[in-house]
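A.B. asks: Have a look at this one before I ask anything.
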Amino acid sequence: MTNVTGFRQVILQTASPRALSEYVAWATTANVSVSYTENPREEGDSWGGWKADDHSTPTAVAAVNLYLASGAAVLISPTPSVSLWTTLLIHHLGYDSSPNASHVPRVGGGHVAWHSADLGEMSFNCEPRASNLVAVVRAAAFVAPRVSLVEQRLWNESSSGGCTGRARGTVIDSRTLTQS
Amino acid sequence: MPPPSDSDTAASAPAHRERPRNLAPWQHVRAFAHPWMFVPAAIRHDDGWLPLIRTLQHPELCSRYMLVEDDMLRAGLGFTGRLLASALLLAVRHGRVLLEVPQVHGTASNHSGMPYGRWCDQPPYTLQCAFEPWTHCAPPQSHRDVVIFETECTCLLHGKFEMDRMPQLHTTNCTGHKDSLLNRGRCLLHHKAAVMRVKLSSIYRMRFLYESPGDAAFSVLRAAQRYLLTPRPWVRALARCFKRQHGLHSGRFLSVHIRSSPEKSAEAARSNKRMPPVKAYIRG
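Those protein sequence lines, which keep their order, are chains A and B. Going by numbering that gives the first Met the number 0, the first residue of the first sequence is number 0, and it counts up by one from there. Going by numbering that gives the first Met the number 0, the first residue of the second sequence is number 0, and it counts up by one from there.
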């Protein structure tokens with residue numbers, strides 16, 4: 000993702016210390032700068048960080064992270080079908096979260112060239128069972144390269160790994176999709 | 000990062016706020032795409048309905064309320080925000096102002112009868128510790144009649160609104176009743192009481208309020224969530240400080256949210272879904 004977009008800075012939000020550790024370790028090798036809020040984290044939680052004995056801190060962390068994420072160029076998060084926090088993040092980015100966006104292409108695995116006239120939201124699934132991630136891209140963040148190019152690269156990157164997915168936007172190259 | 004106890008929080012803010020002066024003009028919406036909620040048939044993109052929602056939450060005369068009590072102890076802010084958005088759209092559709100009130104009975108570990116908020120340990124014990132107030136309207140006076148809506152079925156009870164003594168409820172289970180949906184709708188739509196107090200768990204039980212709301216609902220839901228969860232100045236100040244400290248500029252970084260816990264994985268598995276593993280974020 001960082002290669003595709005050209006950005007080397009990531010704000011990471013997670014309640015999992017293990018996930019934080021794994022991601023930071025990868026980022027170090029990939030020359031990616033990772034920033035995150037300093038707050039208590041635990042592996043076992045019914046939802047992202049709520050504590051029975053301290054209500055204010057998780058709320059403050061969530062509010063700050065929500066506001067920070069609203070200024071991102073790209074959001075990577077589990078699809079709204081498994082995390083309504085993602086819905087909230089998408090809404091604060093300024094996009095709707097309708098699962099029924101018109102003209103949504105559904106394609107199979109393999110390398111599929113994908114183009115769209117405008118940039119919005121795409122999700123991709125790289126596991127045998129549904130384990131979707133969603134990428135929401137802020138068009139205004141990409142003057143150069145053009146947003147459609149970023150989106151195309153994103154799609155190519157994920158689909159080349161055997162991922163499947165769907166995306167919003169107007170499909171220009173429907174012939175390629177048919178071949179898949 | 001606890002919220003500061005300064006003039007930036009509602010705890011020390013004036014109890015009675017002034018009605019904002021920069022409100023969008025009130026307008027009458029004639030056609031709706033949802034039978035119960037404020038989902039206008041005319042779709043407005045780009046938060047087009049947000050200014051009207053804000054106006055509806057700031058009436059000239061504060062007379063009709065929907066008080067929501069967040070008792071969804073095991074729901075995250077994402078799910079809670081989704082339910083609250085439905086509650087807001089329900090309230091403004093029926094000419095009510097949505098106002099969050101703290102729990103009064105607390106949890107099993109807190110039977111003190113003192114106000115209890117699962118989002119905040121200090122006044123106002125609600126989400127308004129971190130997010131902007133939803134209305135300038137002050138909470139209704141304790142002597143006013145209130146209707147308590149606690150389940151999706153038998154829901155109406157006249158009583159007095161007292162923070163420390165809630166009336167006992169008489170509920171019946173009408174699950175499976177062929178007319179239950181209509182009855183629920185009647186409960187919500189046609190009651191004339193000035194104040195209705197709703198537990199968020201009741202909104203949760205009324206799945207027709209948030210499941211498959213229709214395409215027209217999504218842009219309104221977005222506006223509702225953005226309205227309800229507008230960060231307070233101290234949150235924005237903290238975020239700006241964070242960005243300065245880390246050399247971040249808006250629109251020039253990626254935001255990655257990794258949701259990973261055994262409980263969440265089990266929850267997803269029950270729906271035959273799987274949470275993305277950490278490696279998927281790295282590969283993606």
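Ideal Cβ positions, reconstructed from N, Cα and C, are used throughout, including at glycine.
Grab me the residues of Arg92(B)'s own chain with a C-beta within less than 6 Å of its C-beta, minus the 5 sequence neighbours each way, in chain order.
C.D. replies: The residue you call residue 92(B) lines up with position 93 of the second sequence. Excluding positions up to five away in sequence, the list reads Met36, Phe37.
A.B. asks: What did DSSP end up calling Arg43(B) once you bin it into helix, strand or coil?
C.D. replies: Along the second sequence, one-based indexing puts residue 43(B) at 44. Coil at Arg43(B), not helix or strand.
A.B. asks: Measuring straight from C-alpha to C-alpha, what distance separates Thr13(A) and His27(B)?
C.D. replies: Taking the first sequence and counting its residues from 1, one reaches residue 13(A) at position 14. Taking the second sequence and counting its residues from 1, one reaches residue 27(B) at position 28. Distance between the alpha carbons of Thr13(A) and His27(B) is about 43 Å.
A.B. asks: Under 7 Å between beta-carbons, which chain B residues line up against Val9(A)? List them in chain order, please.
C.D. replies: In the first sequence, counting from the first residue as 1, residue 9(A) sits at position 10. Per Cβ cutoff of 7 Å: Phe252, Leu253, Val255.
A.B. asks: For Arg40(A), which option in Ala61(A), Pro16(A), Leu74(A) has the closest C-alpha, if you only look at C-alpha atoms?
C.D. replies: Here residue 40(A) is taken as the residue at index 41 of the first sequence, counted from 1. Checked all of Ala61(A), Pro16(A), Leu74(A); the closest Cα to Arg40(A) is Pro16(A).
A.B. asks: How is Ser264(B) classed by DSSP in three states: helix, strand or coil?
C.D. replies: Sequence index remark: in the second sequence, residue 264(B) carries index 265 (1-based). Residue state, collapsed to three classes: helix.
A.B. asks: Please work out which residues of its chain come closer than 8 Å, Cβ to Cβ, to Ala222(B), disregarding the five sequence neighbours upstream and downstream, and give them in chain order.
C.D. replies: Within the second sequence, numbered from 1, the residue matching residue 222(B) stands at position 223. If we look at Ala222(B) and ignore the five residues flanking it on each side, its Cβ neighbours are Asp46, Gly47, Trp48, Leu49, Ile52.
A.B. asks: Within its chain, find whatever has a CB closer than 7 Å to the CB of Val23(A); leave out the 5 residues flanking it on each side and keep chain order.
C.D. replies: Start at 1 with the first residue of the first sequence, and residue 23(A) comes out as number 24. Answer for Val23(A): Val33, listed in chain order.
A.B. asks: Can you look up Ser69(A) in the DSSP assignment and give me helix, strand or coil?
C.D. replies: In the first sequence, residue 69(A) corresponds to position 70, counting from 1. It is coil, neither helix nor strand.
A.B. asks: Have a look at Ala236(B) and Lys191(B) and give me their C-alpha separation to the nearest angstrom.
C.D. replies: The sequence position of residue 236(B) within the second sequence is 237, counting from 1. The sequence position of residue 191(B) within the second sequence is 192, counting from 1. Rounded to the nearest angstrom, the two C-alpha atoms are 42 Å apart.
A.B. asks: At what residue ranges does the stretch 75-105 of chain B contain a whole run of the beta strand (DSSP E), taking only runs of 3 or more?
C.D. replies: Entirely contained in the stretch 75-105 of chain B, the beta strand (DSSP E) runs reaching 3 residues are, in chain order, 96-100.
A.B. asks: Using only the alpha-carbon positions, how far apart do Lys263(B) and Tyr64(B) sit?
C.D. replies: Walking along the second sequence from the start, residue 263(B) turns up at place 264. Walking along the second sequence from the start, residue 64(B) turns up at place 65. In a straight line, the C-alpha of Lys263(B) is about 35 Å away from that of Tyr64(B).
A.B. asks: Counting only the same chain and skipping the five closest in sequence on each side, list residues whose C-beta sits under 6 Å from that of Pro276(B).
C.D. replies: On the second sequence, residue 276(B) is found 277 positions in, with the first residue counted as 1. Excluding sequence neighbours, Pro276(B) sits near nothing in its chain.
A.B. asks: Between the C-alpha atoms of Leu297(B) and Pro139(B), what's the straight-line distance to the nearest angstrom?
C.D. replies: With chain B running from 0 to 283 in the structure shown, residue 297(B) is simply not present.
A.B. asks: Using the rule of at least 16 other Cβ atoms within 10 Å of the residue's Cβ for burial, across every protein chain shown, is Thr79(B) buried or exposed?
C.D. replies: The residue you call residue 79(B) lines up with position 80 of the second sequence. Answer is buried; the Cβ neighbour count reaches 16.
A.B. asks: Under 7 Å between beta-carbons, which chain A residues line up against Ala238(B)? List them in chain order, please.
C.D. replies: To locate residue 238(B), count along the second sequence from 1; it is residue 239. Residues of chain A passing the Cβ test: Val63, Tyr66, Leu67.
A.B. asks: With distances taken between CB atoms, is the gap from Val234(B) to Ala62(A) smaller than 8 Å?
C.D. replies: Working through the second sequence from its first residue, we reach residue 234(B) at position 235. Working through the first sequence from its first residue, we reach residue 62(A) at position 63. Contact: yes.
A.B. asks: Does the separation of the CB atoms of Ala41(B) and Ala23(B) fall below 8 Å?
C.D. replies: Translated into positions along the second sequence, residue 41(B) becomes position 42. Translated into positions along the second sequence, residue 23(B) becomes position 24. Contact flag unset, no.
A.B. asks: In terms of residue numbering, what span does the beta strand (DSSP E) encompassing His256(B) cover?
C.D. replies: Your numbering for residue 256(B) matches position 257 in the second sequence. His256(B) -> beta strand (DSSP E) spans 253-257.
A.B. asks: Since Pro230(B) sits in a beta bridge, which residues does DSSP pair it with?
C.D. replies: On the second sequence, residue 230(B) is found 231 positions in, with the first residue counted as 1. DSSP output for Pro230(B) lists Phe130(B) as bridge partner(s).
A.B. asks: Check this for me: beta carbons of Gly116(B) and Trp84(A), under 8 Å apart or not?
C.D. replies: Counted from its first residue, the second sequence places residue 116(B) at position 117. Counted from its first residue, the first sequence places residue 84(A) at position 85. Not in contact: Gly116(B) and Trp84(A) (Cβ atoms no closer than 8 Å).
A.B. asks: Between the beta-carbon of Arg258(B) and the beta-carbon of Met274(B), is there less than 8 Å?
C.D. replies: Sequence index remark: in the second sequence, residue 258(B) carries index 259 (1-based). Sequence index remark: in the second sequence, residue 274(B) carries index 275 (1-based). Contact flag set, yes.
A.B. asks: What distance in whole Å lies between the Cβ atoms of Leu227(B) and Trp133(B), which are believed to be in contact at a cut-off of 8 Å?
C.D. replies: Here residue 133(B) refers to the residue found at position 134 of the second sequence. Here residue 227(B) refers to the residue found at position 228 of the second sequence. The Cβ separation is near 6 Å, so the contact holds.
A.B. asks: Quick one: is Gly70(A) buried, meaning 16 or more other Cβ sit within 10 Å of its Cβ, or exposed?
C.D. replies: Here residue 70(A) corresponds to residue number 71 of the first sequence, with the count starting at 1. Buried: at least 16 other Cβ atoms inside 10 Å.
A.B. asks: 8 Å is my cut-off, CB to CB: does Pro261(B) come that close to chain A?
C.D. replies: As a position in the second sequence, residue 261(B) is number 262, starting the count at 1. Chain A, which has a Cβ nearer than 8 Å to the Cβ of Pro261(B), makes this yes.
A.B. asks: Quick one: is Thr28(A) near chain B, going by C-beta distance under 8 Å?
C.D. replies: In the first sequence, counting from the first residue as 1, residue 28(A) sits at position 29. Answer no: the Cβ-Cβ gap between Thr28(A) and chain B never drops below 8 Å.
A.B. asks: Hey, does Pro181(A) have any beta-carbon neighbour from chain B nearer than 8 Å?
C.D. replies: Because chain A here runs from 0 to 179, residue 181(A) falls outside it and cannot be looked at.
A.B. asks: For Tyr203(B), which residues in the same chain have their Cβ closer than 7 Å to its Cβ, ignoring the five residues on either side in sequence?
C.D. replies: Counting from 1 along the second sequence, the entry for residue 203(B) is found at position 204. Answer for Tyr203(B): Met71, Leu82, listed in chain order.
A.B. asks: Compare the Cα-Cα distances from Ala90(B) to each of Lys278(B), Ala193(B), Gly77(B) and report the closest residue.
C.D. replies: For the purposes of this step, residue 90(B) is taken as residue 91 along the second sequence, with counting starting at 1. If we check each option's Cα against that of Ala90(B), Ala193(B) comes out closest.
A.B. asks: Could you check where the alpha helix (DSSP H) with Tyr203(B) kicks off and where it finishes?
C.D. replies: In the second sequence, residue 203(B) corresponds to position 204, counting from 1. Counting along the chain, the alpha helix (DSSP H) containing Tyr203(B) begins and ends at 199-204.
A.B. asks: Got a sec: is the Cβ-Cβ distance from Val23(A) to anything in chain B below 8 Å?
C.D. replies: As a position in the first sequence, residue 23(A) is number 24, starting the count at 1. No, Val23(A) lies away from the interface with chain B (no Cβ there is under 8 Å from its Cβ).
A.B. asks: Opposite Met65(B) in the DSSP bridges: which residues?
C.D. replies: Within the second sequence, the letter at position 66 stands for residue 65(B). Paired residues: Leu97(B), Met195(B).
A.B. asks: Which partner residues does Ile10(A) have in the DSSP bridge list?
C.D. replies: Residue numbering aside, residue 10(A) sits at position 11 when the first sequence is read from its first letter. DSSP, once it has assigned bridges, lists Ser34(A), Ser254(B) as partnering Ile10(A).
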